[in-house]
Structures are given as structure tokens and as C-alpha cells.
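J.: Can you keep this structure in mind? I'll have questions shortly.
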Amino acid sequence: MATNIEILKFNLQEKQYPYFDDDDLQMLLDTNDNDVKKASYEGCLLKANADDGLTLSNIKLSSNRDYWLTLAKQYETGSYSTSMRRADEI
């Protein structure tokens, strides 16, 4: 059985697109209650923010930002949890 960090590495495609070290991955898990899906979502967003295109003279390297944002949607939980209640329900 794979560990949560191994699953997170797989979800974030760390072999093909390395960005995080093991400490960063563990922090992603810790800050997301050890939920691999939530950590994968946040990791994809972080990769999208860090991935910018680059132009040097006549050479242009494209950004993978859209790719990471699309991948993040696969791991999005779709729910927002809050302890606040509506004012008309109090």
C-alpha cells in the first residue's frame, strides 16, 4: 500500500515535473488534515502559480499554468466548510 506522500507525489506528477521536496509534501498533508485529495488540489494550485512562461530573445517557453489549474479541478472538493451561520437563522 502506498503512503500518503507517495500518492501525493503521483497526483502532483512529481516524477515528470519535480517542484516539491518531501518536507513540502508533508507540510501540504499536515495543513490539509492529512487529506491527500485536498493536498493534491492545493499542490496543483501552487504549481500553477509558480509556472510562468519565459521568453529569451526569439525562444519562447510556454507556461503549464492552465494544465495545473485543470488538474486541480480533479481534486477540488467542491464544498466550503464554515462555522458561521446565516444571520436569519440565529
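In terms of the numbering used here, the numbers along the sequence shown are unbroken and rise by one, the last being 91.
The beta-carbon is built from N, C-alpha and C at its ideal position, and this holds for glycine as well.
I'd like to check one pair, L72 with A40: are the Cβ atoms closer than 8 Å?
T.: For the purposes of this step, residue 40 is taken as residue 39 along the sequence shown, with counting starting at 1. For the purposes of this step, residue 72 is taken as residue 71 along the sequence shown, with counting starting at 1. Contact: no.
J.: Grouping DSSP H, G and I as helix and E and B as strand, with all else coil, what is K16?
T.: Along the sequence shown, read from residue 1 onward, the residue named residue 16 stands at position 15. In the structure shown, K16 sits in coil (DSSP, three-state: anything other than H, G, I, E or B).
J.: Which residues share a DSSP beta bridge with L57?
T.: Sequence index remark: in the sequence shown, residue 57 carries index 56 (1-based). BP columns for L57 point to I60.
J.: Going straight from the alpha carbon of K16 to that of E7, what length do you get?
T.: By 1-based counting over the sequence shown, the position of residue 16 is 15. By 1-based counting over the sequence shown, the position of residue 7 is 6. Rounded to the nearest angstrom, the two C-alpha atoms are 11 Å apart.
J.: Assign L57 to buried or exposed, taking buried as 16 or more other Cβ atoms, counted over all protein chains shown, within 10 Å of its Cβ.
T.: Against the sequence shown, residue 57 aligns to sequence position 56. L57 comes out exposed.
J.: Inspect the beta-carbon positions of Y20 and Y76 and report whether they are closer than 8 Å.
T.: To locate residue 20, count along the sequence shown from 1; it is residue 19. To locate residue 76, count along the sequence shown from 1; it is residue 75. Not in contact: Y20 and Y76 (Cβ atoms no closer than 8 Å).
J.: Going by CA-CA distance only, name the one from A88, D34, R86, D25 that's closest to C45.
T.: Here residue 45 is taken as the residue at index 44 of the sequence shown, counted from 1. Out of A88, D34, R86, D25, D25 has the C-alpha closest to the C-alpha of C45.
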